[in-house]
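Colleague: Got a structure for you, written out below as structure tokens; questions coming shortly.
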Amino acid sequence: MQGFAEESLVRRRMAELRLACEREIRSQRDRATLAAASLGRSLHSLRSLAHETLADREKLSELKDHLKELEADLGESLAVKTRKESKYTTTGESLSTTIARTEQLRKILTDQRAKRDGYAALLSKELVAIEALETTSGQDVVGKENIEEAILWYYKVLGFRSLGGEGTHPTASAFCPVSSSVTISSPPPTSVDTRSEKSVDQYLDIQAKDKCDLPKKLRSQHPALSPHGAPVRRSPRLMTKRFP
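Listed below in structure tokens is the structure:
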């Protein structure tokens with residue numbers, strides 16, 4: 001009896017242990033199933049992540065290439081910007097130089113205009129003075145012509161000439177007694193040059209000979225001997241003082 005009870009007790013324990021083991025096995029199977037499912041899901045997730053990672057790597061390589069292109073474009077843009085800045089700086093300096101040069105030229109132009117106005121005023125004054133001198137010179141020329149005419153009249157009418165500052169002498173021995181008997185002090189020898197004296201003397205010799213043959217009535221009507229012609233006579237000394 002006792003052995004039968006122990007055997008039934010052992011069997012009962014064995015049954016309990018078997019049930020416990022079965023429950024544990026089912027529990028472990030469930031856990032394994034859950035773990036396998038979770039692992040599958042994890043693998044699937046990892047696969048998707050791996051695909052995404054590969055895609056991201058490709059995108060990353062593409063982005064790197066694009067970044068290199070952008071860096072090259074940036075370098076070119078910086079070079080262009082540097083050139084433009086240098087050109088802008090050069091243009092600014094040239095503009096400043098041009099402005100300074102323009103101001104300098106403007107000052108020079110103002111000075112030149114002032115000088116031109118001063119020169120114009122000076123030229124106007126000089127022109128007025130020149131016109132006055134021309135008027136005076138014209139009057140002097142007229143005076144000189146009058147003096148020359150008076151000297152010619154002197155030599156022509158009276159028939160005398162100057163010989164080396166020794167006084168006046170008859171030009172020919174064939175003068176009439178009226179004109180040959182007159183002696184007058186001669187003007188300075190510098191009043192008439194040698195060529196004019198020779199030509200005038202030759203002319204006066206002929207005129208003196210002709211006058212000696214004139215009748216008294218015609219000689220009395222000659223302007224040099226008439227009362228109306230007397231006021232025209234002037235002193236040879238006074239006339240020759242202004243003659244060059």
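Taken in order, the sequence shown gives residues 1 to 244; the numbers are from full-length UniProt numbering. Glycine is no exception: its CB is placed at the ideal position from the N, C-alpha and C atoms.
Do you know how far the Cα of Lys144 is from the Cα of Asp117?
Modeller: Those two C-alpha atoms are separated by around 39 Å.
Colleague: What's the C-alpha gap between Thr14 and Ala35?
Modeller: One point to set straight first is that residue 14 is Met, not Thr, in the sequence displayed. Rounded to whole angstroms, Met14 to Ala35 spans 30 Å at the Cα level.
Colleague: Distance, Cα to Cα, Ser27 vs Lys64?
Modeller: Cα-Cα distance, rounded: 52 Å.
Colleague: Use the C-beta contact count for Ala100: other C-beta atoms within 10 angstroms, 16 or more gives buried, fewer gives exposed.
Modeller: Answer is exposed; the Cβ neighbour count stays below 16.
Colleague: Look at the alpha carbon of Leu17 and the alpha carbon of Leu9, and state the distance between them as a whole number of angstroms.
Modeller: Cα to Cα, Leu17 sits roughly 12 Å from Leu9.
Colleague: With 16 as the cutoff for other CB atoms within 10 Å, does Ala150 come out buried or exposed?
Modeller: Buried.
Colleague: On the criterion of 16 or more Cβ atoms from any shown chain inside 10 Å, does Ile147 qualify as buried, or is it exposed?
Modeller: Ile147 should be labelled buried.
Colleague: From Lys68 to Leu60, what does the alpha carbon distance come to, in whole angstroms?
Modeller: About 12 Å.
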